[in-house]
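Here the structure is laid out as structure tokens; the discussion comes afterwards.
There are 2 protein chains.
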Amino acid sequence: MALSKDEELFAEGDDTEYFYQVVSGAIRSYKLLKDGRRQIDAFHLSGDIFGLEVGAEHRFSAEALGNASVIAYRRSRLTALIQDDPAFRDKIMSSTLRNLERAQEHMLLLGRKTAQEKLATFLLDLAHRICGEDEQLDLPMQRSDIADHLGLTIETVSRTLTQFARSGLIRLQPASRSIGLCNRSALQGLNH
Amino acid sequence: MALSKDEELFAEGDDTEYFYQVVSGAIRSYKLLKDGRRQIDAFHLSGDIFGLEVGAEHRFSAEALGNASVIAYRRSRLTALIQDDPAFRDKIMSSTLRNLERAQEHMLLLGRKTAQEKLATFLLDLAHRICGEDEQLDLPMQRSDIADHLGLTIETVSRTLTQFARSGLIRLQPASRSIGLCNRSALQGLNH
DNA sequence: CGCCGTTTTGAGCCTAGTCAATGTACGTGG
DNA sequence: CCACGTACATTGACTAGGCTCAAAACGGCG
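Protein sequences, first through last, are from chains A and B. Here the working numbering is used: the first residue of the first sequence is 19, the next is one more, and so on. Here the working numbering is used: the first residue of the second sequence is 19, the next is one more, and so on.
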């Protein structure tokens, strides 16, 4: 399946017909409160499996951050796939467990870290997943996505990034999504 | 295995020799930052399975809230158990997915809810799991556990509970762990 | 009765939020 | 080609919800 920017894969409450694996691009999965407050629980990148549920309905929504492509697996075939293909079963199981690990790590961030620590953790984690040891990190999402992922406001995200830039922790072009990680060890210091 | 109050099942970094199912009592699983800040990611009650990991090390710690008993499964036997026993496999899989669902719900709480909303959600959820429709809810944990679960301080937990009591949402004996849920619908109103 | 761990309450402060304005990039059409 | 509109990002001034520090109250137990 090919997806364009902001295209919805499924919404909270939809029947769980399919689950997905990201091929290219990035997906945000999120939950909403009645009044519109949003929490993005994860960004799924190439290789990640997501959208698998216990029940008959999706418990969160998923949208493409930009152009993206995914493989859709029929949920009804899950039992058969698991039965017949031990390698696939392991992939599903370890992927689900990895999602759980990420969630636990993220709860620590949301519940107990300061804004600075949140952003340091976020940048290092994303760099690790996207650009490895490269200095240049191109964010696939906008500030509001980062804010709703870290439990902050866009203003605080922006202010904290400029503060990092002023302290020489990162390099920042104005209004841009590319960040130069010129001092990872200092970021690591903030990332308890 | 029988556990007494505050007894440690395993700590972050321990080898993943076993994973567990709660038989009686309750378990807290948590992560720590270097300076001691703690985030309790879940309370596991009777029936819950936890402590299963992708890697060779536990990514969080687990302790008994009070007297508790658990079944320990050897992790090395997991592959065999999954292979041979489809029912057990489904139990593991759906239990892991349920832990993930809870984690996602909890990230929404940690990132986007106010102190009042956090406590309303927490009380209703715990009541649902512990006492069903009964009015009387006996908390298995102390205030500091609640605080570290909800991303608050003990003072805020205490203040918010007395505030609920003054508004007639709950009944509260001083310095006690038992709470009378005399107005669930009002709590539900706070629980977006 | 006195000690200790836990909970509650109070006063003041600070981090992050709110509201508002400005700046920047980019696409569209005259 | 440039003026304009729109979406996104940045910055500023002020506010407030929850935190910190401190003290008092409560309950259980030796």
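Even for Gly, the Cβ is constructed at its ideal location relative to N, Cα and C. None of these values were measured; they are calculated from a predicted model.
- In this structure, DSSP gives residue 210 (chain A) a state outside helix and strand, which the three-state scheme calls coil.
- Residue pairing by DSSP places residue 49 (chain A) opposite A:57 in a beta bridge.
- With contacts defined by Cβ atoms closer than 8 Å, residue 165 (chain A) and residue 172 (chain A) form a contacting pair.
- Secondary structure note for residue 129 (chain B): its alpha helix (DSSP H) is the uninterrupted segment 104-130.
- Proximity of residue 85 (chain B) to chain A, defined by a Cβ-Cβ separation below 8 Å, is not satisfied.
- Contact residues of the stretch 157-182 of chain B toward chain A are 166, 167, 168, 169 and 170 (C-beta to C-beta distance below 9 Å).
- In this structure, the beta-carbon distance from residue 58 (chain A) to residue 80 (chain A) does not fall below 8 Å.
- If you look at residue 166 (chain A), you'll find it in the alpha helix (DSSP H) that goes 161-168.
- The DSSP-derived three-state label of residue 28 (chain B) is strand.
- For residue 183 (chain A), the uninterrupted alpha helix (DSSP H) segment begins and ends at 172-184.
- With a threshold of 8 Å between beta carbons, residue 201 (chain A) makes no contact with chain B.
- Just so you know, the alpha carbons of residue 133 (chain B) and residue 169 (chain A) end up roughly 14 Å apart.
- If you look at residue 86 (chain B), you'll find it in the beta strand (DSSP E) that goes 86-92.
- A residue is called buried when at least 16 other Cβ atoms come within 10 angstroms of its Cβ; residue 82 (chain A) meets this threshold and is buried.
- For residue 78 (chain B), the closest of B:30, B:116, B:65 and B:120 by C-alpha to C-alpha distance is B:30.
- Counting the other CB atoms within 10 Å of its CB gives residue 66 (chain A) a total of 16 or more, which places it among the buried residues.
- Judged by DSSP in its simplified three-state form, residue 197 (chain A) adopts strand.
- When DSSP states are grouped into helix, strand and coil, residue 191 (chain B) belongs to the coil group.
- Not a single CB atom of chain A sits nearer than 8 Å to the CB of residue 146 (chain B).
- With respect to chain B, the C-beta atom of residue 154 (chain A) has no partner C-beta closer than 8 Å.
- Taking 8 Å as the CB threshold, residue 139 (chain B) stays off the interface with chain A.
- For residue 155 (chain B), the enclosing beta strand (DSSP E) stretches over residues 154-156.
- In the structure shown, residue 140 (chain B) adopts helical secondary structure according to DSSP, grouped into three states.
- The Cβ of residue 54 (chain A) sits no closer than 8 Å to any Cβ of chain B.
- Between the stretch 142-150 of chain B and the stretch 142-152 of chain A, the count of C-beta pairs closer than 8 Å stays below three; the two stretches do not touch.
- Residues of the stretch 113-129 of chain A with a C-beta atom less than 8 Å from some C-beta of chain B are 114, 115, 116, 117, 118, 119, 121, 122, 123, 124, 125, 126, 128 and 129, listed in chain order.
- Considering only A:76, A:51, A:56 and A:72, the residue with the shortest C-alpha distance to residue 28 (chain A) is A:76.
- Residues are counted here when their Cβ sits less than 7 Å from a Cβ of chain B; for the stretch 63-91 of chain A these are 70, 71, 72, 77 and 78, given in chain order.
- Separation of residue 119 (chain A) and residue 123 (chain B) (C-alpha to C-alpha, rounded to the nearest whole angstrom) is 15 Å.
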